[in-house]
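Colleague: Before I ask anything, here is the structure I am working with.
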Amino acid sequence: MDFSQLYDPALDEYVPEALDILSEFSFDSEGNDLSTPEGLAKARDLETLGGGILASNFLDDVDIRTYTGAAGDELELRVFAPDGPARAVYLDIHGGGFFMGHPKMGDRGNQAMADAHQIAVVSAQYRLAPEHPWPAGPDDCEAAALWVLGPGRDEFGSLPLLIGGGSAGANLAAVTLVRMRDRHDAAAEFIGANLVFGVFDVSGTPSQVVLGDIEFREMYVGDHDTQGRRHPDISPLYADLNHLCPALFTVGTLDYLYDDSLFMAARWRAAGNPTELAIYPASPHGFTAIPTKMTKAANKRTDAWLAGILNGVDG
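To convert, take the position in the sequence shown, counting from 1, and add 43; that gives this note's numbering.
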């Protein structure tokens with residue numbers, strides 16, 4: 044992880060197009076009063092969010108399974124299989140500020156990942172705040188990981204595991220890795236973590252200052268004060284990160300969670316884990332959902348990282 048050049052200067056070529064196209068889209072909940080059922084429902088309407096760009100990712104013909112969440116309810120797993128035997132299983136955890144989102148947001152990307160890398164992708168539903176605040180989300184994601192290591196092994200075999208997520212999903216992926224190490228002695232099962240513009244400090248990093256006291260924090264962790272929000276199960280930036288798998292951190296320079304990835308990548312590496320940090324200029328939070336040349340460059344970098352991880356295992 045070389046900080047002498049934070050991003051590839053060749054990416055500057057894509058900045059004008061990125062700024063032009065990204066200015067047309069918004070994925071935030073500005074204007075919605077999330078404290079009301081109506082406002083929350085509007086923010087959760089994936090058919091209209093971002094001008095419908097997320098809905099374009101949904102696929103109809105998806106293999107749906109269920110797993111038993113931490114509270115005993117049945118939650119959805121969307122399974123994307125490659126043609127032929129899988130080389131690994133990738134557990135995908137969707138984003139959405141802990142209060143919105145659904146695994147179907149990643150359908151097209153997950154199927155493309157399965158096809159390109161000959162891996163099975165399992166995308167997990169989890170309970171959302173404010174109806175189900177912390178620790179409901181991490182509890183369910185831990186249960187999903189245990190499904191992959193249990194019933195999932197009956198289907199896919201004893202394959203190496205990858206895990207990934209974006210935004211809140213990256214937080215939950217990191218927390219899940221720590222839990223699997225500490226509670227189940229299963230850190231060695233995971234060969235890579237793909238962590239995309241994650242929120243790793245719910246108490247707030249410097250780049251989050253522009254957000255103010257945004258509602259997702261209150262919905263997710265209730266009345267915890269700043270110190271309480273730094274609990275490592277809430278903010279994995281403060282967790283013991285030793286003996287975890289290689290990770291790729293992806294973030295844009297215009298992201299209000301920019302510092303989260305900078306800080307988390309530094310701590311991940313300092314803990315002795317192989318670490319790559321991919322930074323993209325003129326790119327805000329959620330930029331990979333928009334079809335730009337910058338997004339193509341980010342996807343290419345992620346594909347190269349995944350290929351390297353998988354080839355190392357196949358070695």
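Virtual Cβ for every residue (Gly too), placed ideally from N, Cα, C. Small disclaimer: the values here were computed from a predicted structure and weren't measured.
How about K336 and Y57: do their beta carbons lie closer than 8 Å?
Modeller: Their beta carbons are under 8 Å apart, which means K336 touches Y57 by this criterion.
Colleague: Going by alpha carbons, who is nearest to N173 out of G265, A309, A325 and N153?
Modeller: A small fix is needed here, since residue 173 is Pro in this sequence, not Asn. Of the listed residues, the one whose Cα sits closest to P173 is G265.
Colleague: Beta-carbon of L49 versus every beta-carbon of chain D: anything under 8 Å?
Modeller: Of the protein chains in this structure there is only one, and it is not chain D.
Colleague: Thinking just about the alpha-carbon of each residue, which of I322, W311 and A314 is nearest to the one in L300?
Modeller: Comparing Cα positions, the closest option is I322.
Colleague: Given a cut-off of 8 Å, decide if A290 and L238 are closer than it, judged by their beta-carbon atoms.
Modeller: For L238 and A290, yes; Cβs fall inside 8 Å.
Colleague: Less than 8 Å separating the beta-carbons of D283 and G241?
Modeller: It is not a contact, given that the beta carbons lie outside the stated cut-off.
Colleague: Which same chain residues end up closer than 6 Å to N285 when comparing Cβ atoms and leaving out the 5 residues on each side of it in sequence?
Modeller: Only A314 meet the Cβ criterion.
Colleague: In terms of residues, what are the limits of the alpha helix (DSSP H) holding S166?
Modeller: Note, S166: premise wrong, no alpha helix (DSSP H); beta strand (DSSP E) at A163 to A167.
Colleague: Apart from the five residues just before and just after G138, which ones in its own chain have a Cβ nearer than 6 Å to its Cβ?
Modeller: Around G138: G144, G209, S210, A211 and G212.
Colleague: Okay, do the region 189–206 and the region 218–235 touch, 3+ Cβ pairs below 8 Å being the bar?
Modeller: Enough Cβ pairs lie closer than 8 Å, so yes.
Colleague: Residues in the same chain with beta-carbon distance under 7 Å from L254, minus the five sequence neighbours each way, listed in chain order, please.
Modeller: Cβ neighbours of L254 beyond the five flanking positions: Y299.
Colleague: Can you tell me which of the three DSSP states F68 falls into?
Modeller: Note: F68 maps to coil in three-state DSSP.
Colleague: Whole angstroms is fine: what's the gap from T111's alpha carbon to L118's?
Modeller: Each residue's Cα considered, the two are about 6 Å apart.
Colleague: Comparing alpha-carbon positions, which option in S250, R226 and A216 lies nearest A236?
Modeller: Of the candidates S250, R226 and A216, the one whose C-alpha sits nearest the C-alpha of A236 is A216.
Colleague: Tell whether a beta-carbon distance below 8 Å holds between A157 and P125.
Modeller: Going by C-beta atoms, A157 is nearer than 8 Å to P125.
Colleague: Could you check if H227 is buried or exposed, using at least 16 other CB atoms within 10 Å of its CB as the buried criterion?
Modeller: Result: exposed.
Colleague: Between the Cα of V105 and the Cα atoms of V252, A163, D76 and D276, which residue gives the shortest distance?
Modeller: Closest option to V105, Cα to Cα, is A163.
Colleague: Which class does Y299 belong to by DSSP, given the choice of helix, strand or coil?
Modeller: Coil, per DSSP.
Colleague: Could you check the C-alpha separation between N354 and G152 for me, to the nearest Å?
Modeller: When rounded, the distance between both Cα atoms is 21 Å.
Colleague: Across which residues does DSSP place T293 in a beta bridge pair?
Modeller: Its beta-bridge partners are V239 and A321.
Colleague: Helix, strand or coil for D183 per DSSP?
Modeller: It is helical.
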